[in-house]
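Comments concern the structure below.
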């Protein structure tokens with residue numbers, strides 16, 4: 033063995049040892065699992081803290097998203113057990129991704145209901161993996177999950193709560209009208225009013241024909257606690273209309289809450305501010321008190 037080879041092997045060993053030491057020092061364990069949903073295999077990872085206050089299944093947005101390990105690790109570090117999986121047709125999960133992200137296939141009711149069934153299957157297998165426990169198990173999702181989570185939660189006794197980052201509380205068709213009106217312009221709210229946005233959402237012609245999904249249909253029958261987080265500068269979903277609908281549901285006695293951050297946009301979960309994350313963590317942990 034040459035000196036250069038020995039040096040290389042020692043360097044590799046040091047890297048592996050450092051990684052092993054880091055893994056051993058973590059306060060949670062990981063386990064990769066495969067589960068079935070609607071005839072295909074989906075692959076994911078469970079992160080289990082030594083002492084969990086609650087458990088979460090992460091639900092994707094509209095993109096071709098694999099399991100969300102960075103966000104899951106953040107939750108696990110703060111005492112939340114997490115199950116995160118590759119979306120169907122992505123990563124190690126079988127099936128077909130219904131793309132493109134903006135269009136008929138992705139936002140059609142058939143695809144949203146299918147993704148909701150995937151979420152329900154994930155919750156079921158997560159319960160099985162957790163075993164007998166009194167911690168609450170919920171769903172946490174982003175953007176498009178605003179339609180998926182209400183479908184997955186409706187009449188599902190396995191879901192104790194849900195959290196939505198920038199999830200629209202309006203029909204999918206109206207959300208697309210808003211998105212086409214804003215056209216990705218970051219300065220949109222500097223040049224338009226809430227009244228402008230509402231007029232276009234109500235009256236603009238539809239560019240695509242697809243089967244619509246209205247989350248209010250499910251939310252009207254759900255008794256599960258829910259929390260939404262919105263950014264006032266969002267140009268992907270009409271926040272004002274969504275909050276109006278949540279307030280209408282709250283007036284009917286629904287256990288729903290929301291937080292509005294004036295300086296944030298659609299990516300509330302990626303904000304440099306810790307405030308959204310702190311609010312979510314505290315709210316999730318408070319669900320244990322309600323269950324016990």
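In our numbering, the protein residues as written are 33 to 324. Glycine included, every Cβ here is placed at the ideal spot set by N, Cα and C. Keep in mind the model is a prediction, meaning the values are calculated, not measured.
Cα-Cα separation, residue i to residue j
{"i": "residue 265", "j": "residue 214", "result": "11 Å"}
{"i": "residue 278", "j": "residue 101", "result": "30 Å"}
{"i": "residue 254", "j": "residue 169", "result": "16 Å"}
{"i": "residue 226", "j": "residue 211", "result": "14 Å"}
{"i": "residue 281", "j": "residue 201", "result": "11 Å"}
{"i": "residue 104", "j": "residue 78", "result": "9 Å"}
{"i": "residue 139", "j": "residue 84", "result": "34 Å"}
{"i": "residue 7", "j": "residue 244", "result": "It is not possible to answer for residue 7, since the shown part of the chain is limited to 33 through 324."}
{"i": "residue 204", "j": "residue 310", "result": "29 Å"}
{"i": "residue 63", "j": "residue 165", "result": "18 Å"}
{"i": "residue 96", "j": "residue 233", "result": "27 Å"}
{"i": "residue 176", "j": "residue 92", "result": "7 Å"}
{"i": "residue 60", "j": "residue 80", "result": "5 Å"}
{"i": "residue 222", "j": "residue 228", "result": "12 Å"}
{"i": "residue 128", "j": "residue 72", "result": "10 Å"}
{"i": "residue 126", "j": "residue 219", "result": "40 Å"}
{"i": "residue 180", "j": "residue 161", "result": "23 Å"}
{"i": "residue 284", "j": "residue 270", "result": "22 Å"}
{"i": "residue 120", "j": "residue 242", "result": "21 Å"}
Endpoints, beta strand (DSSP E) assigned at residue i
{"i": "residue 77", "result": "72 to 81"}
{"i": "residue 112", "result": "112 to 117"}
{"i": "residue 195", "result": "193 to 197"}
Element boundaries [alpha helix (DSSP H), containing residue i]
{"i": "residue 213", "result": "204 to 214"}
{"i": "residue 178", "result": "177 to 185"}
{"i": "residue 64", "result": "From DSSP, residue 64 is part of no alpha helix (DSSP H) but of the beta strand (DSSP E) over 60 to 69."}
{"i": "residue 242", "result": "Note, residue 242: premise wrong, no alpha helix (DSSP H); not H, not E."}
{"i": "residue 233", "result": "226 to 235"}
{"i": "residue 156", "result": "141 to 162"}
{"i": "residue 277", "result": "271 to 283"}
{"i": "residue 247", "result": "247 to 251"}
{"i": "residue 222", "result": "220 to 223"}
{"i": "residue 102", "result": "101 to 109"}
Beta-carbon spacing of residue i, residue j below 8 Å
{"i": "residue 174", "j": "residue 198", "result": "yes"}
{"i": "residue 300", "j": "residue 272", "result": "no"}
{"i": "residue 154", "j": "residue 89", "result": "yes"}
{"i": "residue 208", "j": "residue 183", "result": "no"}
{"i": "residue 158", "j": "residue 258", "result": "no"}
{"i": "residue 313", "j": "residue 303", "result": "no"}
{"i": "residue 188", "j": "residue 152", "result": "yes"}
{"i": "residue 178", "j": "residue 247", "result": "yes"}
{"i": "residue 325", "j": "residue 268", "result": "Since the first and last residues shown for the chain are 33 and 324, residue 325 lies out of range."}
{"i": "residue 67", "j": "residue 74", "result": "yes"}
{"i": "residue 112", "j": "residue 87", "result": "yes"}
{"i": "residue 275", "j": "residue 195", "result": "no"}
Which residues DSSP lists as bridging residue i, in chain order
{"i": "residue 169", "result": "87"}
{"i": "residue 260", "result": "196 and 290"}
{"i": "residue 174", "result": "197"}
Neighbourhood of residue i by C-beta, 8 Å cutoff - its chain only, sequence neighbours within 5 removed
{"i": "residue 191", "result": "155, 169, 170, 171, 184, 185 and 256"}
{"i": "residue 293", "result": "261, 262, 263, 264, 300, 303, 305, 307 and 308"}
{"i": "residue 250", "result": "182, 183, 185 and 186"}
{"i": "residue 322", "result": "168 and 257"}
{"i": "residue 319", "result": "86, 168, 170, 192, 193 and 257"}
{"i": "residue 239", "result": "208 and 212"}
6 Å Cβ shell around residue i - same chain, five flanking residues per side excluded
{"i": "residue 99", "result": "76, 77, 116, 117 and 118"}
{"i": "residue 261", "result": "197, 291, 300 and 308"}
{"i": "residue 70", "result": "149"}
{"i": "residue 236", "result": "209"}
{"i": "residue 344", "result": "No answer is possible for residue 344: it lies beyond the span of the chain, which begins at 33 and ends at 324."}
Contact set for residue i: own chain, Cβ-Cβ below 7 Å, skip 5 residues either direction
{"i": "residue 49", "result": "For residue 49, the pLDDT reaches just 32, beneath the cut-off of 50, and the residue's location in the model is therefore unreliable, leaving the point undetermined."}
{"i": "residue 108", "result": "60, 79, 81 and 114"}
{"i": "residue 130", "result": "137, 138 and 143"}
{"i": "residue 206", "result": "233"}
{"i": "residue 94", "result": "133, 138, 175 and 176"}
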